[in-house]
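Asker: Input: one structure, supplied below.
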Amino acid sequence: MAAPVVVVGAGPAGIRAAERLVEAGLCPVLVEEGARDGGQIYRRQPPGFTRGPEALYGSEAAKATALHAAAEALRPRLDWRPETLVWAVRDGALLVHSAGRGESLPYAALILATGATDRVMPLPGWTLPGVASLGGAQIALKAQACTIGARPVFLGTGPLLYLVAWQYVKAGAAVQAVLDTSPFASRVAALPWMMARPALVARGAAYTMALRRAGVRIATGVTPIAVEGEDRVAALRWRDAAGRDCRTDCDAVGLGYGLRSETQLADLARCDFAFDAGARQWLPVTDEDGRASVQGVYLAGDGAQVRGADAAELAGRLAACAALRDLGVAVDEAEMVHLRRRLMPMTRFRRGLERAFPWPAHLAAALPDEALVCRCEAITAGELRRAGGEYGAPEVNRAKAFSRTGMGRCQGRMCGPAAAEILAAARGMPIEAAGRLRGAAPVKPLPVLTEAAP
Amino acid sequence: MTAADVAIVGGGLMGAATAFFLRRRGLSVVLLERDLVGSHASGTNFGNVRRQGRFLPQLPLANLSREIWGRLPDLIGDDAEFLPSGHIRVAFREADAARLEAYAREARPHGLELELVSGNALRMRFPFLSPEARMASYSPHDGHANPRLAAPAFARAARREGAIVHENAEVLSITKSAEDFLVETSIGRFRAPLLQVSAGAWGGRLAAAFGEPVPITPHGPQMAVTEPVRYRIEPVMGIASEVVEEGVYLRQVKRGNIVFGGGVRSEASLDTKRARLDPLNTLRQLPQVARLLPAMRALSVIRSWSGVEGYMRDDIPVMGPSAKVAGLFYAFGFCGHGFQLGPGVGATMAELIATGGTGVPIEPFHISRFATAEGNTR
Amino acid sequence: MTGLLHRVGETGRSAVRIVVDGAEVAALEGDTLLVALLTAGARLRESEFGDGPRAGFCLMGACQDCWVWTEEGGRLRACSTPVASGMRVVTRGAPWPRP
Ligand SMILES: Cc1cc2nc3c(=O)[nH]c(=O)nc-3n(C[C@H](O)[C@H](O)[C@H](O)COP(=O)(O)OP(=O)(O)OC[C@H]3O[C@@H](n4cnc5c(N)ncnc54)[C@H](O)[C@@H]3O)c2cc1C
Ligand SMILES: Cc1cc2nc3c(=O)[nH]c(=O)nc-3n(C[C@H](O)[C@H](O)[C@H](O)COP(=O)(O)OP(=O)(O)OC[C@H]3O[C@@H](n4cnc5c(N)ncnc54)[C@H](O)[C@@H]3O)c2cc1C
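Chains as they are written, first to last, in the working numbering: chain A, -15 to 438; chain B, 202 to 579; chain C, 346 to 444.
Shown next as structure tokens:
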């Protein structure tokens, strides 16, 4: 029997990709590490929880419900593999791990819809209990009905910063402050791009207004200094736009500066990457429809470029169309033209977001030598700088070899973007010259007890 | 055009250590490395500083090297995390135990003392070993080091001593005039009356260009590492077996991670300069390492990798003067066991280049062994 | 000591008991192990490198900072493991190596 088309990731992109394949009469495999479909934004709560879609997804409730319904309708028509981690890629096959068993899963075409995680810039104290990523803060609420603290501060930049803060206010948390590293002026300057999706701009403004009305302090153009506390968060120190040192008592910090694409599998599949100056990230190269540089590999959703959930659904469908076409299945050109056209304003909006809420690269140079950069291996900024200085590492992989930055359990997901900035700043070179951490299998820890399936 | 007494092609551990020791002998050196120093086999290997199990005539060189490993802080100002915490080879079968006994007997006259441990003594000494283990051959003064640090540390020390070290300098061609080698590289031309080829798996191509082809094949031994746990496992350990899949080895670094490798090798390419790790081989290693060290069953693997290594048909390196070209020297094709030898090879090659002779015997490694009909069918 | 995380709803689920470092901890069915541990306390584990306690970070299975041990010496990623009645975990002193 011929190998199936395999879709990795059951978020908006993966579900819509699988749906399109099923429409064409195929029976794809849909692999998802989590127990349930939905992905990040439309993440489902566990069985037994009773909140309705409105409470969970707010303005996006209808889309969430529609996506979940689509996923359920697909279930009998495809090979659904939840709780299955793709941990490696080898010529024409994925290596998957599920319930202690390791198996090779051949594919005729591969659609990677692996999403994104928070992009973080470390600061002293960021490993203290009580500091969570912004996305993590939202997941606690959405999937577990918990807040990360009773008196949290939200620090970082991007639309998620305001959204999560507002969700916390609604949940009854006494949000102490929303601290944005981006100056307000950059938001104004980005408007021409942002107005590609006026409804989203209006929604963003509404969250800010609602926060202000709730009495939450909002500051833009801030400089984070440190998280303080003995064995857990007690306060956040920061500097306001006027240069005044501030200290805000709190019991938790939600931290995040936008998202970084989850690209390890594309790397292991040997896709070419290119530096994206707007995102200041290395991203897999794709054509407009999601074809990667390697034949038979397609990318969709935030894992290819962070354009948000609506774009992920469209891009998933578009990538499936491209894969079908390449497999010799007829696809109406009009359908693809339509999808491409609808994605255009979303791409433009993404460029606006990058301008409005820029990744605070400048903070890397100021990070004190003692600050931990790599959480997994407990490597400090000083050790990383030494690898770049005294040891002469010209790029991140060499710096990793010397200092172990990015060598731990998370494979540099958390520290990688910041490590590249720190190295580039220390060596006085442009960020693209620092390169990107090469992916390595297993992309997430693999138990030694894994039994190889025959 | 830069001139020096010696030009070294290839900045792995062999080239870097040779450069250092040549400077110590007062010769001027230019080291030419295509990529970054120690970024190939020398920087990706398992880190075993092991003597037992080697080809017996290689033991004098390995003993010299072991002695230098112990002096690295004094010598180059960096210990490369060398930990002489002992090394054991573990036999699970009667036949393998018999081979360990024979090797221990034969190694003694070559200056390597091994202790054979079995039965209750084995459980007492190495309680973490599998209860199935029959016998261990213990080499108390061997150990392990961090491969990512060793070659760069030698290159930095060589530079401090006055060597010229060029990275991102690929040697494109070499011609020999009456008295000098003219070395054409991606960053310019160099000349020297003496030249060493220490280009690892790529050494065969350069030797062939000098009319001395050798049977060398690249392979990629497969490595992986677990998450960190408390430092408990002192000796490096490996399974002594003739079954390829069973031939795994492991070591715990002081920070706690357990590095392991061995078994089936992966494909490696001289052109892409990469070894393609096969994740199926990682899966094959897991039951073997869990058999050797049952406590590992609780851990998770966090990373795997491989590197390009040159294997000679007879499993021993090419080392010594060229048989054809005066002033030309070789040290390449270390067949998966060159990390331990590196410092000793550097010292010995520097001695050979500077004086024409060596304190330890290296005749078995001479390239001429492949020039004869007998050598070519070996 | 109060827990790090605070419940703000969905408290009508049935109770589940787990054992953490030898002491019973009350959780709710559907909790992740991370939530069970951090509504009751303020740490999940100790950094292997002596820089203090850790309590996870990303909550979505990316950062790998929330692995805990079972008493039997198994590994669980707390943010993505649902609690089960009778689960026994340790947050200090990994059970390694075991004879
Ligand atoms: C925590 C978080 C919160 C967010 N909240 C919002 C929000 O409130 N509003 C908003 O507009 N946008 C939000 N976003 C952005 C939004 O999630 C995305 O735009 C959208 O979900 C992207 O869809 P996707 O299908 O590309 O990826 P995702 O929804 O992220 O889905 C990717 C899926 O792939 C799976 N996966 C990844 N790697 C593997 C692997 N190796 N093996 C098996 N499975 C794998 C993951 O488990 C995941 O389910 C959020 C993002 C994050 C990370
Ligand atoms: C995965 C793995 C595990 C191993 N484990 C062990 C172990 O545990 N113990 C042990 O003793 N040994 C081990 N080995 C073997 C050991 O690593 C090698 O034998 C040793 O490092 C060889 O050193 P080298 O300097 O000869 O080669 P390399 O380190 O490969 O260096 C050769 C250098 O030459 C350069 N070069 C090539 N062509 C040119 C050119 N034209 N111009 C300029 N430069 C050039 C290359 O870029 C390279 O840097 C292992 C090897 C591998 C790959």
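C-beta: ideal position from N, C-alpha, C; glycine also. Predicted model, so just to flag it, every value in this text is computed and none were measured.
Using the beta-carbon count (16 or more within 10 Å), is R579 (chain B) buried or exposed?
Answerer: For the purposes of this step, residue 579 (chain B) is taken as the residue at position 378 of the second sequence. Its pLDDT being 42, under 50, R579 (chain B) is placed unreliably in this model, and the value from its coordinates should be taken loosely. When all chains shown are included, R579 (chain B) counts as exposed.
Asker: Which residues in the same chain as G274 (chain A) place their Cβ atom closer than 7 angstroms to its Cβ, once the five residues preceding and following it in sequence are excluded?
Answerer: Numbered from 1 along the first sequence, position 290 holds the residue referred to as residue 274 (chain A). Y282, L283, A284, A288, A299, L302, A303 and A306.
Asker: Return the first residue and the last residue of the alpha helix (DSSP H) that Y41 (chain A) is part of.
Answerer: Indexing the first sequence from 1 puts residue 41 (chain A) at position 57. That run of the alpha helix (DSSP H) goes P37 to Y41.
Asker: Using the beta-carbon count (16 or more within 10 Å), is V444 (chain B) buried or exposed?
Answerer: The residue you call residue 444 (chain B) lines up with position 243 of the second sequence. V444 (chain B) should be labelled exposed.
Asker: By the criterion of Cβ-Cβ separation under 7 angstroms, what are the contact partners of S457 (chain B) in chain C?
Answerer: Against the second sequence, residue 457 (chain B) aligns to sequence position 256. Here residue 457 (chain B) turns out to be Gly, not Ser, going by the sequence shown. Under the 7 angstroms cutoff, chain C gives E393.
Asker: Scan the stretch 192 to 223 of chain A and note each continuous beta strand (DSSP E) run of 3 residues or more that stays entirely inside, going in chain order.
Answerer: Taking only runs of at least 3 residues, the beta strand (DSSP E) segments lying wholly in the stretch 192 to 223 of chain A are 202 to 204, 207 to 212 and 219 to 223.
Asker: Does the beta-carbon of E369 (chain C) have 16 or more other beta-carbons within 10 angstroms, so that it is buried, or is it exposed?
Answerer: Residue 369 (chain C) sits at position 24 when you count from the first residue of the third sequence. So E369 (chain C) ends up on the exposed side.
Asker: By the 7 angstroms beta-carbon criterion, what residues does the stretch 362 to 389 of chain A contribute toward chain B?
Answerer: Listed by position, the residues of the stretch 362 to 389 of chain A near chain B (Cβ gap below 7 angstroms) are Y375, R382, A385 and F386.
Asker: With DSSP as the reference, please indicate the residues paired to D260 (chain A) in a beta bridge.
Answerer: Position 276 of the first sequence, counted from the start, is the residue given in the question as residue 260 (chain A). According to DSSP, D260 (chain A) bridges with A:Q265.
Asker: Select from B:P429, B:R433, B:L223 and B:P353 the residue whose C-alpha is nearest the C-alpha of G372 (chain A).
Answerer: Looking up residue 372 (chain A) in the first sequence gives position 388. With distances taken between Cα atoms, G372 (chain A) lies closest to B:P353.
Asker: Pick out whichever of C:L404, C:G438, C:D396 and C:D366 has its Cα sitting closest to the Cα of T377 (chain C).
Answerer: Here the question's residue 377 (chain C) lines up with position 32 in the third sequence. The shortest C-alpha separation from T377 (chain C) is found at C:L404.
Asker: Here's the rule: buried if 16 or more other CB atoms are within 10 angstroms of the residue's CB, otherwise exposed. What is I363 (chain A)?
Answerer: Start at 1 with the first residue of the first sequence, and residue 363 (chain A) comes out as number 379. It is buried - the Cβ of I363 (chain A) has at least 16 other Cβ atoms within 10 Å.
Asker: Hey, would you say the C-beta of N347 (chain B) is under 6 angstroms away from at least one heavy atom of ligand 2?
Answerer: If you number the second sequence from 1, residue 347 (chain B) lands on position 146. No; taking the cut-off as 6 angstroms, the Cβ of N347 (chain B) has no heavy atom of ligand 2 nearer than that.
Asker: Would the C-beta of I503 (chain B) count as close to ligand 1, meaning under 6 angstroms from any of its heavy atoms?
Answerer: The count along the second sequence starts at 1 and reaches residue 503 (chain B) at position 302. Result no, Cβ not under 6 angstroms from ligand 1.
Asker: In chain A, what lies closer than 7 angstroms to P495 (chain B) by C-beta?
Answerer: Reading the second sequence from its first residue, position 294 is the one you call residue 495 (chain B). Near P495 (chain B) there are no residues of chain A at all, since even the closest Cβ is about 10 angstroms away, more than 7 angstroms.
Asker: DSSP has C358 (chain A) in a bridge; who is on the other side?
Answerer: For this step, residue 358 (chain A) is matched to residue 374 along the first sequence. Bridge partners of C358 (chain A): A:I363.
Asker: Would you say P398 (chain C) lies against chain A (beta-carbon separation less than 7 angstroms)?
Answerer: As a position in the third sequence, residue 398 (chain C) is number 53, starting the count at 1. By this cut-off, P398 (chain C) is an interface position.
Asker: Please identify the residue among A:A253, A:F341 and A:H322 whose C-alpha is closest to the C-alpha of R264 (chain A).
Answerer: Here residue 264 (chain A) refers to the residue found at position 280 of the first sequence. Nearest of A:A253, A:F341 and A:H322 to R264 (chain A), Cα basis: A:F341.
Asker: Could you tell me the distance, in whole angstroms, from the CA atom of G140 (chain A) to the CA atom of Q122 (chain A)?
Answerer: Locating residue 140 (chain A) in the first sequence gives position 156, where the first residue counts as 1. Locating residue 122 (chain A) in the first sequence gives position 138, where the first residue counts as 1. Answer to the nearest angstrom: the Cα atoms are 14 angstroms apart.
Asker: With a cut-off of 7 angstroms, does the C-beta of A439 (chain C) fall near any C-beta of chain B?
Answerer: Taking the first residue of the third sequence as 1, we reach residue 439 (chain C) at position 94. Judged by the 7 angstroms Cβ criterion, A439 (chain C) is in contact with chain B.
Asker: Could you name the residues of the same chain whose beta carbon sits closer than 8 angstroms to that of S359 (chain C), not counting the 5 residues immediately before and after it, in chain order?
Answerer: By 1-based counting over the third sequence, the position of residue 359 (chain C) is 14. Excluding residues within five positions, the ones whose Cβ falls inside 8 angstroms are L373 and E374.
Asker: Following a CB-centred definition, is S340 (chain B) positioned closer than 6 angstroms to any heavy atom of ligand 2?
Answerer: On the second sequence, position 139 is the one that residue 340 (chain B) refers to. Checking the Cβ of S340 (chain B) against ligand 2 gives no.
Asker: Residues of the stretch 408 to 421 of chain C in Cβ contact with chain B at a cutoff of 7 angstroms, in chain order, please.
Answerer: The residues in question are G418, G419 and R420.
Asker: For V115 (chain A), go through chain C and note every residue whose CB falls closer than 8 angstroms to its CB, in chain order.
Answerer: Here residue 115 (chain A) is taken as the residue at index 131 of the first sequence, counted from 1. Residues of chain C passing the Cβ test: F402.
Asker: Which first and last residues belong to the alpha helix (DSSP H) in which A293 (chain A) is found?
Answerer: Numbered from its first residue, the first sequence carries residue 293 (chain A) at position 309. First-last of the alpha helix (DSSP H) with A293 (chain A): A293 to D310.
Asker: Quick one: does P429 (chain B) have its CB under 7 angstroms from some CB of chain C?
Answerer: The residue given as residue 429 (chain B) occupies position 228 in the second sequence. Chain C, which has a Cβ nearer than 7 angstroms to the Cβ of P429 (chain B), makes this yes.
Asker: For H346 (chain A), count neighbouring C-beta atoms within 10 Å of its own C-beta (all shown protein chains included) and say buried if the count is 16 or more, exposed if not.
Answerer: As a working mapping, residue 346 (chain A) is identified with position 362 in the first sequence. It is exposed - the Cβ of H346 (chain A) has fewer than 16 other Cβ atoms within 10 Å.
Asker: Starting from Q423 (chain B), trace the beta strand (DSSP E) in both directions and tell me its first and last residue.
Answerer: As a working note, residue 423 (chain B) is residue 222 in the second sequence. Q423 to T427 is the extent of the beta strand (DSSP E) around Q423 (chain B).
Asker: In this structure, does DSSP put C424 (chain C) in helix, strand or coil?
Answerer: Reading the third sequence from its first residue, position 79 is the one you call residue 424 (chain C). DSSP places C424 (chain C) in helix when its eight states are reduced to three.
Asker: Suppose only complete runs of 3+ residues qualify. What are the beta strand (DSSP E) ranges in the stretch 82 to 155 of chain A, listed by chain order?
Answerer: Runs found: 85 to 90, 93 to 96, 100 to 102, 115 to 117 and 136 to 141.
Asker: Is there a Cβ from chain A that is less than 7 angstroms from the Cβ of A387 (chain C)?
Answerer: Translated into the one-based positions of the third sequence, residue 387 (chain C) becomes position 42. Output row for A387 (chain C): interface = yes.
Asker: Quick check on the burial criterion: 16 or more other C-beta atoms within 10 angstroms. Buried or exposed for A(-14) (chain A)?
Answerer: On the first sequence, position 2 is the one that residue -14 (chain A) refers to. The residue in question, A(-14) (chain A), is exposed, as its Cβ has fewer than 16 Cβ neighbours within 10 Å.
Asker: So, is P430 (chain C) buried or exposed, given that buried needs 16 or more other C-beta atoms within 10 angstroms?
Answerer: Stepping through the third sequence from its first residue, residue 430 (chain C) is reached at position 85. It should be noted that the sequence gives Ser, not Pro, for residue 430 (chain C). It is exposed - the Cβ of S430 (chain C) has fewer than 16 other Cβ atoms within 10 Å.
Asker: Where does Y432 (chain B) fall in DSSP's three states?
Answerer: One-based indexing of the second sequence puts residue 432 (chain B) at position 231. Coil.
Asker: In the structure shown, what three-state DSSP assignment does I406 (chain A) receive?
Answerer: For the purposes of this step, residue 406 (chain A) is taken as the residue at position 422 of the first sequence. Note: I406 (chain A) maps to helix in three-state DSSP.
Asker: I need the straight-line Cα distance from V250 (chain B) to D75 (chain A), nearest angstrom please.
Answerer: The residue you call residue 250 (chain B) lines up with position 49 of the second sequence. The residue you call residue 75 (chain A) lines up with position 91 of the first sequence. Between V250 (chain B) and D75 (chain A), the C-alpha separation is close to 34 angstroms.
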